Amino acid sequence: MPQIAFPKLLSSQIAFDIARTILDGFDKHYRLFRATTQLAKQRFERGDWKAAQEDARERIAYYDKRAKECVQILEDEYDSDDLTDEVWREVKLHYMGLLIDHLRPELAETFFNTVCTKLLHRTYFHNDFIFVRPATATDYIEREDTPATYRVYYPAADGLSFSLKRIVTNFQLQTPFAHLDADLAKVEARLLEQFGEMRFEPNHQFQVLASLFFRNKAAYIIGKSINGNQEMPFVIPIIHNKNRELILDTILFENIHITVLFSFTRAYFMVDMDVPSAYVQFIRSILPRKPRSEIYTMLGLQKHGKNLFYRDFLHHLKYSSDMIEAAPGIRGLVMLVFALPSFPYVFKLIKDSFPPPKETTKALIKEKYQLVKNHDRVGRLADTLEYSDVAFPRARFSEDLLAEIRRYAPSILEVSDDEVIIKHLYIERRMTPLNIWLTEAEQKGDDAAMEHAIVEYGNAIKELVGANIFPGDMLYKNFGVTRHKRVVFYDYDEIETIVDCNFRNIPQPRNEEDEMSAEPWYPIAKNDVFPEQFGTFLLGNAKVKQYFMKHHADLLTAQYWQERKDRIVKGKVDDVFPYPQSIRFRGG
Numbered sequence: 001m002p003q004i005a006f007p008k009l010l011s012s013q014i015a016f017d018i019a020r021t022i023l024d025g026f027d028k029h030y031r032l033f034r035a036t037t038q039l040a041k042q043r044f045e046r047g048d049w050k051a052a053q054e055d056a057r058e059r060i061a062y063y064d065k066r067a068k069e070c071v072q073i074l075e076d077e078y079d080s081d082d083l084t085d086e087v088w089r090e091v092k093l094h095y096m097g098l099l100i101d102h103l104r105p106e107l108a109e110t111f112f113n114t115v116c117t118k119l120l121h122r123t124y125f126h127n128d129f130i131f132v133r134p135a136t137a138t139d140y141i142e143r144e145d146t147p148a149t150y151r152v153y154y155p156a157a158d159g160l161s162f163s164l165k166r167i168v169t170n171f172q173l174q175t176p177f178a179h180l181d182a183d184l185a186k187v188e189a190r191l192l193e194q195f196g197e198m199r200f201e202p203n204h205q206f207q208v209l210a211s212l213f214f215r216n217k218a219a220y221i222i223g224k225s226i227n228g229n230q231e232m233p234f235v236i237p238i239i240h241n242k243n244r245e246l247i248l249d250t251i252l253f254e255n256i257h258i259t260v261l262f263s264f265t266r267a268y269f270m271v272d273m274d275v276p277s278a279y280v281q282f283i284r285s286i287l288p289r290k291p292r293s294e295i296y297t298m299l300g301l302q303k304h305g306k307n308l309f310y311r312d313f314l315h316h317l318k319y320s321s322d323m324i325e326a327a328p329g330i331r332g333l334v335m336l337v338f339a340l341p342s343f344p345y346v347f348k349l350i351k352d353s354f355p356p357p358k359e360t361t362k363a364l365i366k367e368k369y370q371l372v373k374n375h376d377r378v379g380r381l382a383d384t385l386e387y388s389d390v391a392f393p394r395a396r397f398s399e400d401l402l403a404e405i406r407r408y409a410p411s412i413l414e415v416s417d418d419e420v421i422i423k424h425l426y427i428e429r430r431m432t433p434l435n436i437w438l439t440e441a442e443q444k445g446d447d448a449a450m451e452h453a454i455v456e457y458g459n460a461i462k463e464l465v466g467a468n469i470f471p472g473d474m475l476y477k478n479f480g481v482t483r484h485k486r487v488v489f490y491d492y493d494e495i496e497t498i499v500d501c502n503f504r505n506i507p508q509p510r511n512e513e514d515e516m517s518a519e520p521w522y523p524i525a526k527n528d529v530f531p532e533q534f535g536t537f538l539l540g541n542a543k544v545k546q547y548f549m550k551h552h553a554d555l556l557t558a559q560y561w562q563e564r565k566d567r568i569v570k571g572k573v574d575d576v577f578p579y580p581q582s583i584r585f586r587g588g
């Protein structure tokens, strides 16, 4: 990338005013973002789950709304002829100056990029117009006038029981606890068991993030124990019992449980943060393998998460040499899916047209993916990153793969001597397709793996049902198995909300002619679903059928689905536990 020539004098008033307008747009965005996030505590205390879900959905749209507002202001205020290359270079430099002492400079840089690229088509802006790399460091940017990111407790001086009670009560939740002392005794017992024979060093302390993490129907205390050079993360979930009192549900120590809590298959947390980068740094200290991009995303700052992800991708491209290829699995009717074997993600392109029996459009498919983006994914829907105009090195594509894209999705493809530009795509974490997992397990004679996968498959569907999601196409090829052996749904072109479906039993045939008919003799509306037919497509394998009928036979009955629909219509929101039931205290 060419070096930016720093002008001797930043003299353009237009450039300064544009920079100020963009930063004002970002500050307005974060102010509204934070105001909604701060409501999460009240929603949790009152058990107002529907309002909490609505807040979470609305917050996702805030960024794009503010970016569009900012673009509109600039387009109304300035003539495009005045916005020369030199002005845009000065805009960036003025903006960098305005970010001195800003508490969220990395997010403001991303907002600047968004506004700039919306104003200027990619062929008209240069990398030195935007923040391809971060220009402002985020280390130690907290100021004396900002609240501390985390609180520190000293159990050696104050006693373990007292320290634990202070950790919980310092959050000043207004809803009473059912039996806090008894719950704290269970937390203390688990901690002591975890410490074992550990010798406590003079620096022994607990560090706990100052804001609770809210999601679904739970609040989470995030902290770590420090002893000598050893650090042990912990998470304490707080939930409501049936009497609408608060209880401590468990304490999480194991890396896998904390990692799953921050999984890409779950909705974004609501967390009140003065300095987001400080929260990210703390979480990275307990989950060092979790990329910063994913942590920002899980904190609801998904646009900056996308920005960081793309930087990581460009870095990976520079330091890898393998070829991009078609992803393993059965080819879909709607999407083209390709992958870089050395990169743990897949790239999904919507085809230009779809053969029968698919009856959909590109616009409708994009709506389905947006529905998932805005929904509580309850650990069973993969998050997707949506990008426009992504440039890949031409040398990494085979002629066969380019020919396949030209055949099925020519409208989103541009090819030059050096680059392949994909005008629209989704990027998703790579998983093993469930159908491949089952086949390999059967070939190995691993009945336990097969049973586990089918139990997980049924659990995934049931948890999606509780979140008002009907997968539509329930074939195993549309589900993936994560590295933690959880089953996740990832094909969204036929997804529907449960409340929009009509679950029916197949009527009894009226006569022998009806019984022998190859086609349904009864009327079927567009959203009619007949669960007893699922077995025809899912249970062809004898062992799969055995395990399915053992654990999830109820999924083949219209009664099960209708009962779950009725709960949703009545406004009931299911509990979702992102950790095993076996480690819960089961209090309350």
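Here UniProt numbering is used: the first residue of the sequence shown is 1, the next is one more, and so on.
Just so you know, even glycine gets a beta-carbon here, dropped at the ideal spot from N, CA and C.
Because the structure is a prediction, the values reported are computed rather than measured.
If residue i sits next to residue j, beta carbons under 8 Å apart, how far is it from one beta carbon to the other, in whole angstroms?
{"i": "Thr117", "j": "Ile100", "result": "Going by Cβ atoms, the distance from Thr117 to Ile100 rounds to 24 Å, so no, they are not a contact pair."}
{"i": "Val428", "j": "Ala382", "result": "Reading the sequence as shown, one finds Glu at residue 428 and not Val. That pair is a contact at about 5 Å."}
{"i": "Val390", "j": "Leu336", "result": "About 14 Å; that fails the 8 Å criterion."}
{"i": "Phe392", "j": "Val420", "result": "5 Å"}
{"i": "Pro344", "j": "Arg266", "result": "Not confirmed; about 18 Å, so no contact."}
{"i": "Glu463", "j": "Val544", "result": "Glu463 to Val544, Cβ: 20 Å. No contact."}
{"i": "Ile495", "j": "Gly472", "result": "5 Å"}
Considering only C-alpha positions, which residue in the set the options is nearest to residue i?
{"i": "Pro328", "options": "Lys366, Leu173, Ile226 and Pro433", "result": "Pro433"}
{"i": "Glu532", "options": "Ile524, Asp554, Glu519 and Asp514", "result": "Asp554"}
{"i": "Val275", "options": "Ala148, Lys485 and Glu69", "result": "Ala148"}
{"i": "Arg377", "options": "Ile221, Met298, Asp145 and Ala108", "result": "Met298"}
{"i": "residue 649", "options": "Ile421, Leu371 and Glu519", "result": "Nothing can be reported for residue 649, as the shown portion of the chain is limited to 1 through 588."}
{"i": "Tyr140", "options": "Ser277, Phe200, Gln53 and Asp76", "result": "Ser277"}
{"i": "His552", "options": "Met232, Gln42 and Glu451", "result": "Glu451"}
{"i": "residue 654", "options": "Leu180, Asn227 and Ala178", "result": "The displayed coordinates of the chain run from 1 to 588. Any statement about residue 654 would go beyond what the structure contains."}
{"i": "Arg380", "options": "Asn468, Asn241, Ser320 and His315", "result": "Asn468"}
{"i": "Gln42", "options": "Met270, Glu231, Glu414 and Arg31", "result": "Met270"}
{"i": "Glu254", "options": "His240, Glu231 and Ile239", "result": "Glu231"}
For residue i versus residue j, is the C-beta distance shorter than 7 Å?
{"i": "Gln205", "j": "Val168", "result": "no"}
{"i": "Lys373", "j": "Asp493", "result": "no"}
{"i": "Pro578", "j": "Leu261", "result": "yes"}
{"i": "Val187", "j": "Leu164", "result": "yes"}
{"i": "Tyr387", "j": "Ile454", "result": "no"}
{"i": "Ala558", "j": "Arg504", "result": "yes"}
{"i": "Thr175", "j": "Leu246", "result": "yes"}
{"i": "Ile583", "j": "Thr250", "result": "yes"}
{"i": "Val280", "j": "Leu252", "result": "no"}
{"i": "Gly322", "j": "Pro341", "result": "The sequence shown places Asp at residue 322, not Gly. In contact: Asp322 and Pro341 (Cβ atoms closer than 7 Å)."}
{"i": "Ile324", "j": "Phe338", "result": "yes"}
{"i": "Tyr296", "j": "Gly305", "result": "yes"}
{"i": "Phe44", "j": "Phe214", "result": "yes"}
{"i": "Gln207", "j": "Gly196", "result": "no"}
{"i": "Tyr150", "j": "Leu212", "result": "no"}
Report the partner residues of residue i according to the DSSP bridge assignment.
{"i": "Gly480", "result": "Pro433 and Val488"}
{"i": "Ile365", "result": "Ile365 is not bridged to any residue."}
{"i": "Gln207", "result": "Val152 and Lys224"}
{"i": "Ile247", "result": "Ile239"}
{"i": "Ile568", "result": "In DSSP, Ile568 forms no bridge with anything."}
{"i": "Ile427", "result": "Phe347 and Leu385"}
{"i": "Ile421", "result": "Ala391 and Glu414"}
{"i": "Val337", "result": "Lys348"}
{"i": "Leu402", "result": "For Leu402, which the question treats as bridged, DSSP gives no partner whatsoever."}
{"i": "Ala326", "result": "Phe338"}
{"i": "Met270", "result": "Phe214"}
{"i": "Asn502", "result": "Asp528"}
Could you spell out the range, first to last residue, of the beta strand (DSSP E) harbouring residue i?
{"i": "Ile239", "result": "Gln230 to His240"}
{"i": "Arg215", "result": "Phe213 to Arg215"}
{"i": "Ile350", "result": "Tyr345 to Ile350"}
{"i": "Phe392", "result": "Thr384 to Pro393"}
{"i": "Glu414", "result": "Leu413 to Val415"}
Where does the unbroken alpha helix (DSSP H) through residue i begin, and where does it stop?
{"i": "Asp55", "result": "Trp49 to Glu77"}
{"i": "Met96", "result": "Asp85 to Leu98"}
{"i": "Ala35", "result": "Gln13 to Arg46"}
{"i": "Ser163", "result": "Leu160 to Thr169"}
{"i": "Cys116", "result": "Pro105 to Leu119"}
{"i": "Arg190", "result": "Leu180 to Phe195"}
{"i": "Leu538", "result": "Phe534 to Leu538"}
{"i": "Val544", "result": "Ala542 to His552"}
{"i": "Asn468", "result": "Segment: none, Asn468 is in no alpha helix (DSSP H) and carries neither H nor E."}
{"i": "Lys306", "result": "Gln302 to Lys318"}
{"i": "Met298", "result": "Arg292 to Met298"}
Less than 6 Å between the CB of residue i and some heavy atom of the ligand FMN, yes or no?
{"i": "Asp274", "result": "Absence of the ligand FMN from the depicted structure is noted, as is the absence of any ligand whatsoever, leaving it without description."}
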